[in-house]
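Residue numbers (this note's numbering), protein chains in the order written: chain A, 1 to 407; chain B, 1 to 407.
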């Protein structure tokens, strides 16, 4: 049966666009100049500036409500977006139109996992800005209607003690979800296998807060973009130049650039790596109550990867520095939740994935969301699915793992 | 029904270990010193040397016939391997034991896609060595029993004219399969989207030779290994050192090293990228008869990626520099063949994948092969599969795409 009227959609992955006063309303006077603020350039574009640097897109990919032919063009001013992008009151109305009851909203300007503050030159300012974002997220955005928004926070990962303290602080304010880099290694942080993160995992376990790994939050770009000239020492330079010339291109530009749609298709590969690395990290045995969500990763690949996890473990564990006794799919099924926007193959294989581990995301206001037709699109995907399964996927699983009960 | 006795297994991905005289038997006198040859070091280990460099493993991962507790240890001498690794007469006997009728065998010392010759300092020597390998592969190895070995070659990709000439040369000698880097970009070559490869694709189309993209042949290592200290500028150095110290590790070694088993599990992600990049490259429309095999990539992920290909195309093609009219899954289903060693989820979903696009691999003598039980293991995987489907997957599809008829 399709989606029933009494089923409430809880989205585990939406996005908010920070309005111009998010930081200036909260930062101390000494940080007002260097802290994040909006400026307008000569062409009338709104830009974030932080520590003297310019961040060119105020709402990367915030295109909800645009016509198809406009999609792909970034909003250049706040009045180039619908208010639901940056105004929580308008957002609730847009969720009503879309038939969505609750949503967890990720950061935009700071990066999905807080990368901009991680890269701050003045880490005192970086921490203050990050805390300002968390206060905005939990108090102002979610506070607008606590029954409609799942409180989400980011952490100062450059210092484990600060990260632990901030996690405790946001837990006390009601955080249910933390956006963590999908892979800390490319950011220069210790990887998932390191004991470094243990004190933080302890607090996640104590508080029950979910760790969400969103595609792109680890700043790793899939390998097929590595076609820069710097990588071509063994290739004959004259030939390469003539290729570029033949294509009518700039001599410094490769003619083999991969269109970004290819990256969209393989989003999930980063999260496959994250999950597999965590499964073999040894950390899940030390932190049995840790909960990970794989945001914007789809679910149709879960059975393939699970089969390979066990197959490789059965074959290779004898000589690998990994747990000899715990079956990797037991760890995977226990610790990981997936979500999807559209994934009919995944829905058909929901019982191989684990019906209790599937949630949905809306991805408002990004280009892949189905707004204002999310409920309609999901309903069509569920035509052959029993009510009991649908209810778990769209609502109950998310409410349970996020500790976000129906009011 | 399980595998029937009259079904012949044709493996599209096995490996040969070059014996010590492969190059010395064929190279001109002036190249004998610098060309590839086997030396024995003070510990009695056999090593390849080429252009003054040492290559430490003669048969990476050539462990067929070893006990489980020995697996993972590389063979250090030829007499540390079973003869089937490097002797085609013994290989045929091992294939008989395993119930395998025919096999395509990839290079070992040169790298799956010929990387070692691509990196040669003296490209004249590199070309001579590469041609020696092809002559060995086609004339000596496959020539031992042409009904049992599918002729496979590698190409001098550093020069498109040489590559075209070598492809024509090996085509005339009967090559059916060429091992091409699964992604040329990380090698410093133009990517799949470049017109650079057009003249080579033309010859592949004319000759009907299949392009095999084997995991690892593009030398790209999945991103989660990027945990080198060089990547840690924003992480506090003192903390990182103390982490290493606490773990009892070397100060220069990360405590977060990912065990290689994690890479084994996500092998296929590289090939997902390769296929998706090719689908959006524009080259398949220009070369409608090109045929790609994804070697050691499994098949269980095909439906998930195909669904995403079309979904992203329907949504994003309006503003992307891609073909507006051709549905990507039509290109995918037309141009790509998959194979598996073990992939029960893929077998269950064989009709969503495309029953005509599935083949099998044995992967002898590598650690993931089921030798000497390949036929038994496959038979168990096919218990619920109709004979007609099994016959296509284990034999008919490979014979047709490789133009390798039953004798």
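Every residue, glycine too, gets a C-beta built ideally from N, C-alpha and C.
Quantities reported herein were computed from a predicted structural model and do not represent experimental measurements.
Apart from the five residues on each side of it in sequence, which residues of its chain come closer than 6 angstroms, Cβ to Cβ, to residue i?
| i | result |
| --- | --- |
| residue 196/A | 190 |
| residue 383/A | 2 |
| residue 145/A | 92 |
| residue 398/A | 10, 12 and 359 |
| residue 134/A | 153 and 170 |
| residue 392/A | 355 |
For residue i, go through chain D and note every residue whose CB falls closer than 7 angstroms to its CB, in chain order.
| i | result |
| --- | --- |
| residue 301/B | Within the model displayed, chain D is absent; protein chains A and B are what it includes. |
Just to make sure I have the definition right: I need the residues of chain B whose C-beta is within less than 8 angstroms of the C-beta of residue i. Which are they?
| i | result |
| --- | --- |
| residue 344/A | 307 |
| residue 298/A | 304 and 308 |
Span of the alpha helix (DSSP H) holding residue i?
| i | result |
| --- | --- |
| residue 268/B | 267 to 279 |
| residue 98/A | 88 to 98 |
| residue 295/B | Per DSSP, residue 295/B belongs to no alpha helix (DSSP H); it is in the beta strand (DSSP E), 292 to 295. |
| residue 308/B | 302 to 316 |
| residue 336/B | Unbroken run through residue 336/B is the beta strand (DSSP E), 336 to 340; no alpha helix (DSSP H). |
| residue 415/B | Chain B is shown only over 1 to 407; residue 415/B falls outside these bounds and no answer can be derived. |
| residue 326/B | It is not in any alpha helix (DSSP H) - residue 326/B carries neither H nor E in the DSSP assignment. |
| residue 160/B | 160 to 172 |
| residue 385/B | It is not in any alpha helix (DSSP H) - residue 385/B carries neither H nor E in the DSSP assignment. |
| residue 372/A | No alpha helix (DSSP H) holds residue 372/A; DSSP gives it neither H nor E. |
| residue 131/A | 123 to 135 |
| residue 282/B | Per DSSP, residue 282/B belongs to no alpha helix (DSSP H) and is neither H nor E. |
| residue 204/A | 198 to 207 |
| residue 399/A | 397 to 402 |
Tell me where the beta strand (DSSP E) around residue i begins and ends.
| i | result |
| --- | --- |
| residue 411/B | Since the first residue shown for chain B is 1 and the last is 407, residue 411/B is missing from the structure and cannot be characterised. |
| residue 347/A | Not the beta strand (DSSP E): residue 347/A falls in the alpha helix (DSSP H), residues 344 to 348. |
| residue 144/A | Here residue 144/A belongs to no beta strand (DSSP E), and DSSP marks it neither H nor E. |
| residue 359/A | 358 to 360 |
Looking only at its own chain, which residues have a Cβ that is under 7 angstroms from the Cβ of residue i, when we skip the five neighbours before and after it?
| i | result |
| --- | --- |
| residue 199/A | 160 and 164 |
| residue 237/B | Low per-residue confidence applies at residue 237/B: pLDDT is 36, beneath 50, and the placement is therefore not dependable, though the value from the model is reported in the following sentence. Same-chain partners within the cutoff: there are none. |
| residue 271/B | 182, 213, 215, 294 and 297 |
| residue 284/B | 278, 290, 331 and 335 |
| residue 4/A | 387 |
| residue 201/A | 283, 287 and 290 |
| residue 31/A | 125 and 128 |
| residue 403/B | 176 and 208 |
| residue 306/A | 329 and 332 |
Name the chain B residues that come within less than 7 angstroms of residue i, Cβ to Cβ?
| i | result |
| --- | --- |
| residue 71/A | 318 and 319 |
| residue 147/A | The premise fails here: residue 147/A is roughly 31 angstroms from chain B at the closest Cβ pair, so nothing lies under 7 angstroms. |
Could you name the residues that DSSP lists as bridge partners for residue i?
| i | result |
| --- | --- |
| residue 54/B | 49/B |
| residue 102/B | 10/B |
| residue 181/A | 214/A |
| residue 40/B | 46/B |
| residue 64/A | Looking at the DSSP assignment, residue 64/A forms no beta bridge with any residue, so it has no partner. |
| residue 378/A | Residue 378/A is not bridged to any residue. |
| residue 427/B | Only positions 1 to 407 of chain B appear in this structure, which leaves residue 427/B out of reach. |
Give every residue of the same chain whose Cβ lies closer than 8 angstroms to the Cβ of residue i, excluding the five residues on either side of it in the sequence, and list them in chain order.
| i | result |
| --- | --- |
| residue 16/B | 85, 86, 88, 91, 105, 106, 107, 108, 137 and 141 |
| residue 444/B | No answer is possible for residue 444/B: it lies beyond the span of chain B, which begins at 1 and ends at 407. |
| residue 122/B | 34 and 51 |
| residue 70/A | 63 |
| residue 178/A | 152, 153, 154, 155, 167, 170, 204, 209, 210, 211 and 212 |
| residue 413/A | Past the boundaries of the shown model lies residue 413/A; chain A is included only from 1 to 407, so the question cannot be answered. |
| residue 325/A | none |
| residue 227/A | Low confidence applies to residue 227/A: its pLDDT is 36, below 50, so where it sits in the model is not reliable, and the reading given next is rough at best. Excluding sequence neighbours, residue 227/A sits near 254, 256, 257 and 258. |
| residue 367/A | 61, 63, 71 and 72 |
Which residues of chain A have a Cβ atom closer than 7 angstroms to the Cβ of residue i, listed in chain order?
| i | result |
| --- | --- |
| residue 359/B | Under the 7 angstroms cutoff, chain A gives no residues; its nearest Cβ is about 17 angstroms from residue 359/B. |
| residue 272/B | 266 and 269 |
What does residue i reach in chain B if we use C-beta pairs closer than 9 angstroms?
| i | result |
| --- | --- |
| residue 280/A | 258, 259, 261, 262 and 265 |
Interface positions of the segment 303 to 336 of chain A facing chain B (Cβ-Cβ less than 9 angstroms), listed along the chain: 303, 304, 305, 306, 307, 308, 309, 311, 312, 313, 315, 316, 317, 318, 319, 320, 321, 322 and 328
Against chain B: residues of the segment 368 to 401 of chain A by CB proximity under 8 angstroms: 368
Contact set between the segment 200 to 212 of chain B and chain A, restricted to residues whose Cβ is under 7 angstroms from the partner: none
Interface positions of the segment 166 to 197 of chain B facing chain A (Cβ-Cβ less than 8 angstroms), listed along the chain: 183, 185, 186, 187, 188, 189, 190, 191, 192, 193, 194, 195 and 196
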